[in-house]
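Just so we're aligned, residue 3 is where the sequence shown starts under my numbering, counting upward by one.
To keep things clear, I will list the structure first and then write my remarks on it.
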Amino acid sequence: MNKLRVAGVGITAAAALTLTACGNDSGSSNNASSSSMAPSSSMSAPMTSAGATGSPDGVTTNADVFGPACSQLPQGSAPGSLDSMGPQPVASAASTNPLLTKLVAAVKATNLVDTLNSQQAITVFAPADPAFEALGDAKFKELAGKPAELAPILQYHVVGKRYDAKGLAAAGSVDTLNTAGGPVKIEGSGENMTINGAKILCGNIPTKNATVFVIDKVLTPGTNK
């Protein structure tokens with residue numbers, strides 16, 4: 003995620019608002035090459051059997067997924083389903099998720115598809131489409147045209163270590179790849195967990211190299227310092 007780290011240095015409050023225009027891409031990448039990332043990603047035992055701090059490597063299975071919007075995902079092996087996303091790296095998996103079309107567009111606009119796909123073990127806080135749509139189409143297009151401002155905001159949604167929900171709750175706060183933006187605060191647990199105040203719509207989604215939490219707001223760097 004070196005690309006993301008570099009982009010995050012000059013973040014400003016205005017850039018934070020611009021993030022709301024970013025999206026994630028469906029590109030595909032295979033290896034994990036970033037030294038700034040921690041554990042690896044695949045699938046493990048259900049969260050309920052992993053103990054108070056969850057899976058030690060943050061890896062989840064379909065049985066761990068929770069949240070009111072999870073029912074909106076396709077079923078079986080259809081594109082965007084849990085079975086379909088699980089074997090794919092995170093940006094490629096997100097590109098098929100019907101909840102994340104705006105985020106995918108933002109990631110494409112900032113050319114971060116391969117960067118995200120190449121990480122070994124990360125946690126992604128993924129704003130759902132309504133979080134971006136609140137800005138309006140005009141604002142979204144404007145921000146999508148400013149990749150230098152969007153990249154550091156996207157970076158604030160990525161943690162360089164893989165966590166499941168119980169691991170996040172135990173941590174209390176986590177640093178993102180945008181170190182200038184300050185830590186992200188975790189409050190509550192399970193269905194009541196919030197990420198910098200954002201509610202989890204569908205959490206613990208497993209992908210090849212990441213655990214994904216779909217959230218209802220775009221996170222603003224610097225607001226929890």
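Glycine residues also receive a C-beta, built at the ideal position from the N, C-alpha and C atoms.
Computed from a predicted model, the values in this text were never measured in an experiment.
(message) Rounded to whole angstroms, what is the Cα-Cα separation between residue 147 and residue 109?
(response) A direct Cα-Cα distance of roughly 12 angstroms separates residue 147 from residue 109.
(request) Using the Cα positions of residue 213 and residue 152, report the straight-line distance between them to the nearest angstrom. (result) One C-alpha to the other measures close to 22 angstroms.
(request) Classify residue 30 as helix, strand or coil using the three-state DSSP reduction. (result) Low local confidence applies: a pLDDT of 36 at residue 30 is under 50, so the model's placement there is unreliable, and no value is given.
(message) Rounding to the nearest angstrom, what Cα-Cα distance links residue 162 and residue 139 in this structure?
(response) Their backbone Cα atoms lie some 31 angstroms apart in a straight line.
(request) Assign residue 122 to one of two classes, buried (16 or more other C-beta atoms within 10 Å of its C-beta) or exposed (fewer than that). (result) The residue is buried, with at least 16 neighbouring Cβ atoms inside 10 Å.
(message) Tell me whether the stretch 61-79 and the stretch 178-186 touch, counting them as touching only if at least three CB pairs, one residue from each stretch, are closer than 8 angstroms.
(response) Because the criterion of three Cβ pairs below 8 angstroms is not met, the stretch 61-79 and the stretch 178-186 do not touch.
(request) Throw me the rounded Cβ distance for the residue 92 and residue 118 pair, which I believe falls under 8 angstroms. (result) In this structure, residue 92 and residue 118 form a Cβ contact; the two beta carbons are roughly 5 angstroms apart against a cut-off of 8 angstroms.
(request) Look up residue 216 in the DSSP assignment and say whether it is helix, strand or coil. (result) Here residue 216 sits in strand by DSSP.
(request) Quick one: measure Cβ to Cβ for residue 194 and residue 226, integer angstroms, because I've assumed they're closer than 8 angstroms. (result) Approximately 18 angstroms separates the beta-carbon atoms of residue 194 and residue 226; this is outside 8 angstroms, ruling out the contact.
(request) Can you tell me which of the three DSSP states residue 117 falls into? (result) If DSSP states are grouped into helix, strand and coil, residue 117 belongs with the helices.
(request) Provide the residue span of the alpha helix (DSSP H) that contains residue 142, from first to last. (result) 139-146 is the span of the alpha helix (DSSP H), which, as asked, contains residue 142.
(message) Mapping the DSSP letters down to three states, classify residue 126 as helix, strand or coil.
(response) Residue state, collapsed to three classes: strand.
(message) Taking contact to mean 3 or more Cβ pairs, one atom from each stretch, closer than 8 angstroms, check whether the stretch 208-222 and the stretch 162-175 are in contact.
(response) Below 8 angstroms, enough C-beta pairs join the stretch 208-222 and the stretch 162-175 to call them touching: three or more.
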